[in-house]
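J.:
Chains as they are written, first to last, in the working numbering: chain A, 8 to 125; chain B, 6 to 183.
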């Protein structure tokens, strides 16, 4: 028991021997040395992604003969039995939901708390 | 409601929010600077330089923080790595051995206080024992957390804490602890 008290005393002295250190401009000095925020890069990335998406859409439209494949596919869908259309829609919905769930789970855990609150 | 460390990290990750990172620095600067002051044997200027390096490195590598450990533990590890790299450059990683401990501790020297003696005794411990004692006994980390910070096996941490404490008690024997 005496040994335990001695160890407690040593721990307490060690903790009390480390008083709070006032900031005294330390945080400001650190923040001044941080690299500039990366917002510019984000905007550039968004612009590139948008541009590529538009370009790909135009290419797809031209290559597919003016989007004729859409009307052809719709005609085939209309010709399908109702049950088949229902099953197709259900399966598509499940696949999209599963992909979304996997993406959400694999996202960095550190980000999850803020996403859940907002 | 005060934001948790995880919330602030998330803001840094998602929005590159430097104000959020500033809050993290404000919260942990005392502990990190205190640890580094002890590791550098109270070289305040060097400790603060290393602490700045550690926080800058934390900001640049914050995407590698997976949230598996406490943010403070992750920060301690970065700070300890900064210290080790600097110590390697200065070739000061060699600890002080038992013989040195005996010759450096002179009980006849006037002691202004127990805390002064404790800090002096702590500074005389070899680096591996000093680090383990500082993290576990002073900063309240578990042995497992300290093993992550120091990047050594759990058993080695336990041994170093035990040895460090024994040496401290031996060096503080004049105060009637033993």
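Backbone N, C-alpha and C define an ideal beta-carbon position, used for all residues, glycine too.
(1) In angstroms with no decimal places, state the Cα-to-Cα distance between residue 50/A and residue 62/A.
(2) What residue from 55/B, 37/B and 81/B has the CA that sits closest to residue 92/B's CA?
(3) Considering only C-alpha positions, which residue in the set 58/B, 73/B and 95/B is nearest to residue 83/B?
(4) Helix, strand or coil: which one does DSSP assign to residue 81/B?
(5) At the level of alpha carbons, what is the spacing between residue 88/A and residue 99/A?
(6) By the 10 Å Cβ neighbour count, where 16 or more other Cβ atoms means buried, how is residue 23/A classified, buried or exposed?
(7) Exposed or buried, what is residue 53/B when buried is set at 16 or more other beta-carbons lying within 10 Å of its beta-carbon?
(8) Alpha carbon to alpha carbon, what distance is there between residue 132/B and residue 18/B?
(9) Name, please, each residue of chain B whose Cβ falls closer than 7 Å to the Cβ of residue 112/A.
(10) Return the residues of the segment 18 to 45 of chain A that lie within a Cβ-Cβ distance of less than 7 Å from chain B, sorted by chain order.
(11) Closest to residue 28/B by CA distance: which of 152/B, 9/B, 75/B and 122/B is it?
(12) Straight-line CA distance for residue 13/B to residue 46/B?
(13) In chain A, what lies closer than 7 Å to residue 64/B by C-beta?
(14) Of all the alpha helix (DSSP H) runs that stay within the bounds of the segment 137 to 166 of chain B, which reach a length of 4 or more residues?
(15) Taking the alpha-carbon positions, what's the residue 62/B to residue 15/B distance?
(16) Out of 136/B, 129/B and 166/B, which has the shortest C-alpha to C-alpha gap to residue 88/B?
(17) Between the C-alpha atoms of residue 65/B and residue 126/B, what's the straight-line distance to the nearest angstrom?
(18) Is the segment 152 to 169 of chain B in contact with the segment 27 to 46 of chain A, if contact means three or more CB pairs nearer than 8 Å?
(19) Kindly indicate the opening and closing residues of the alpha helix (DSSP H) around residue 130/B.
T.: The structure says:
(1) 18 Å
(2) 55/B
(3) 58/B
(4) helix
(5) 17 Å
(6) exposed
(7) buried
(8) 34 Å
(9) The premise fails here: residue 112/A is roughly 14 Å from chain B at the closest Cβ pair, so nothing lies under 7 Å.
(10) 18, 20, 21, 22, 24, 25, 27, 28, 30, 33, 34, 36, 37, 38, 40, 41, 44 and 45
(11) 9/B
(12) 32 Å
(13) 41
(14) 148 to 155
(15) 17 Å
(16) 136/B
(17) 36 Å
(18) no
(19) First-last for residue 130/B: undefined, no H or E at that position.
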